[in-house]
Amino acid sequence: MAIQRRQPALFSVDSDVDLLDVEDRKTDELVLGFVGPIGSGISYCAKMFSEVLKSQFGYEGKSHKVSGIINQNTKVLGEQVVAPTDTRRTEKLQHYGTRLRQTFGNTYLIEKIVAQINLDRGSSESLPKARRHFTIIDSIKHPDEVKRLREVYGETFWLIGIFAPDEVRRGRIIAEGHNENYVVEIFKRDEDEGLKSGQRVRDAMFLADFFIRNDGDNDKNLRRTVDRFLDVMFAIGVQTPTRDESAMYGATSAAAESACLSRQVGAVIANTDGDIIGMGNNDVPKFGGGLYSQDDGDGDHRCFQWRGKICHNDFRKEEILSRIAVALGEAGIFDSKSGTVDPKRQAKAIDVLHSSDVRNLIEFSRAVHAEMEAIISVARNGKAGLIGGTLYSTTFPCHSCARHIVAAGIKRVIYIEPYTKSLALNLHEDTISIHESDHTKKVVFLQYEGVAPRNMIRLFKDRGDRKKDGKLLLTNRLEAKPVSLAPLDGFEARERLVVARLTKIESVQAAGGTNG
């Protein structure tokens, strides 16, 4: 489908420039992208955001479905449009979406939506106009799509992550008439297809600005969450972080201290009153207790500057794979009928070994895991409060950390990023659950719901005046503006506005007049 383009606007500064300021050239416009695994109820949540923005905030808006863009472009792949009644519709659209990304680039589908948004604005020969308008994109599947939308729309763009436990999502899809095998297939492809241009929902989800746990059977909790997020986004009343939001911000700050070559993870522990009693990140332990840090100077022996500057876990895994390959060769596994080594058979065997669970081994790392360091820090400092406490981690705990969490008496774990290598639920289903209703008999692991840590300062700090004449300032939602207003023009245009305004002011002053 060919891209339609509107004519570019011509920038001009008219005689009323003295009434224009850079501040006047900002817009209330919003672009809301939604991301989440299949069965999370993304479209339903997107519809609720749309309804609240229209009814409570006086916005007009439009929704775009990425699946619709895929279906509009199947012909370029030599395929037919997928009918709404097709029983394998989701699977086919997943496959075609991946092929379109492979053919035209990872951002192709999102750029088609950007082109449509641009076309919807209509042509204009004057300055672009501010508008109280929202655009919903349902739904994003790749981190490069998020990156492109942020490049185009800046702080006008908000990414909302929707999730629900696997059992809940599976039940929703099966209720639509699909069998278990089909559900397993589309779930696996949706999460991470294993291809550079494939679907990578898990990676895109981690980039969200807000996280919503949509695992209930009624709308009350969901509507309450949507209302709060929009009130925070528009600075309605006095908004402060929840206990979970503050703690996860602390965990994210801890993660920033990690110099691990594999991944940065942070964790904090809060007691039953919500007070932080322990903190940790994944890094190398040092003599005397604690971890190496930037402050250790020449005494810093973290992996990035110690013995070859390598990841020792990866190095050991490669050693294991090499030894297995050698042993197989010595056993004659790679020998051809003539008795010589067959290079093709040898290469194939090595590929199989590299795709085995050996690559998931984690015990050769020099680093203490963030969750373990958080628990140890409580003991090291002689603090009480582990029993019944909550551990907040930027990543789902591995199975090794999980058993220590259970043994420590922690009753609740909140995490942001899934960790597919973890066997915690498989090995400890007797003591760990992902269902909040099991909190009296198991440690509950829940995905984080709330404002993303990356937005804590942006949304909760320096929000302007809260009072006037000693009284709370009340904001009308119909007139409220988003906390992050985006400029309508590029920086060159904004510079020209400032220059034109200065020229106007100085000419008035030179003429002996006054400038209001």
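My numbering runs 474 ahead of the 1-based position in the sequence shown.
The C-beta atom is built at its ideal place from N, Cα and C for all residues, glycine as well.
| Asked | Found |
| --- | --- |
| Does the separation of the CB atoms of Ile931 and Phe919 fall below 8 Å? | no |
| I'd like to confirm the pairing. Which residues does DSSP put opposite Val887 in its beta bridges? | Leu865, Phe919 |
| Near Val700, which residues of its chain fall below 7 Å by C-beta distance, leaving aside the five closest residues on each side in sequence? | Met522, Phe523, Val526 |
| What does the alpha-carbon distance come out to for the pair Ile849 and Tyr656? | 41 Å |
| Could you check the C-alpha separation between Ala985 and Thr630 for me, to the nearest Å? | 41 Å |
| Give the straight-line distance between the Cα atoms of Val675 and Phe637, rounded to the nearest whole angstrom. | 11 Å |
| Please state if the CB of Leu704 and the CB of Ile610 are separated by a distance shorter than 8 Å. | no |
| For Ser981, which residues from the same chain have a beta carbon less than 7 Å from its beta carbon, with the 5 sequence-adjacent residues on both sides left out? | none |
| Just verifying my parser: in three-state terms, what is the DSSP assignment at Gly635? | strand |
| Within 10 angstroms of its Cβ, does Glu903 collect 16 or more other Cβ (buried), or is it exposed? | exposed |
| Where do the N-terminal and C-terminal ends of the alpha helix (DSSP H) with Ala589 fall, by residue? | 582–594 |
| Is Leu861 buried or exposed, if buried means 16 or more other CB atoms sit within 10 Å of its CB? | According to the sequence as given, residue 861 is Ile; it is not Leu. Its Cβ having fewer than 16 others within 10 Å, Ile861 is exposed. |
| Would you report the Cα separation of Arg797 and Ile660, rounded to the nearest angstrom? | 37 Å |
| Do Pro617 and Asp993 have their beta-carbon atoms positioned less than 8 Å apart in this structure? | This structure leaves residue 993 out entirely; the chain is present only between 475 and 990. |
| Count the other CB atoms within 10 Å of the CB of Thr716; is the residue buried (16 or more) or exposed (fewer)? | exposed |
| Which residues does DSSP pair with His538 in a beta bridge? | Ile611 |
| Here's a check: name, in chain order, each residue in its chain whose Cβ is nearer than 6 Å to the Cβ of Ser517, leaving out the five neighbours to either side. | Asp612 |
| Quick check: the Cα distance between Lys528 and Arg606, rounded to an integer number of angstroms? | 10 Å |
| Along the chain, where does the beta strand (DSSP E) that runs through Ile686 open and close? | 684–687 |
| At which residues does the alpha helix (DSSP H) containing Ala876 begin and terminate? | 873–882 |
| Taking the alpha-carbon of Leu681 as reference, which of Leu976, Gly510, Ser911 has the nearest alpha-carbon? | Gly510 |
| Assign Cys754 to one of two classes, buried (16 or more other C-beta atoms within 10 Å of its C-beta) or exposed (fewer than that). | A quick correction: the sequence has Gly, not Cys, at residue 754. Buried, since its Cβ has 16 or more Cβ neighbours within 10 Å. |
| In the DSSP assignment, find the unbroken alpha helix (DSSP H) run with Val742 in it and report its ends. | Not the alpha helix (DSSP H): Val742 falls in the beta strand (DSSP E), residues 740–744. |
| Between which residues of its own chain and Ser854 is the CB-CB distance below 7 Å, once the five residues before and five after are set aside? | Looking at the sequence provided, one finds Arg at residue 854 rather than Ser. Contacts found: Gly763. |
| Looking at the strands, I want to know which residues DSSP matches up with Lys942. | Lys945 |
| Find the nearest neighbour of Asp939 within the set Ser541, Ala709, Gln673, Ser736, judged by alpha-carbon distance. | Ala709 |
| Do Lys615 and Gln673 have their CB atoms nearer than 8 Å? | yes |
| Tell me, please, which residues DSSP counts as bridged to Gly754. | Ala741 |
| Is the segment 909–918 in contact with the segment 947–954, if contact means three or more CB pairs nearer than 8 Å? | no |
| Report all residues from its chain with a CB closer than 6 Å to the CB of Ile647; omit the five preceding and five following residues, and keep chain order. | Gly513, Val657 |
| Per DSSP, Lys500 forms a beta bridge with which residues? | Pro961 |
| On a CA-only basis, which of Cys785, Asp912, Glu953 is nearest Gly532? Give me that one, please. | Glu953 |
| Closer than 8 Å by C-beta to Arg1058: which residues in its own chain qualify, once you throw out the five before and the five after it? Chain order, please. | There is no way to answer for residue 1058, as the model of the chain reaches only from 475 to 990. |
| Using 8 Å as the threshold, is the segment 565–573 in touch with the segment 534–547, meaning 3 or more CB pairs across them? | yes |
| What distance in whole Å lies between the Cβ atoms of Ile750 and Val742, which are believed to be in contact at a cut-off of 8 Å? | 5 Å |
| State yes or no: is the C-beta of Arg790 within less than 8 Å of the C-beta of Ala733? | no |
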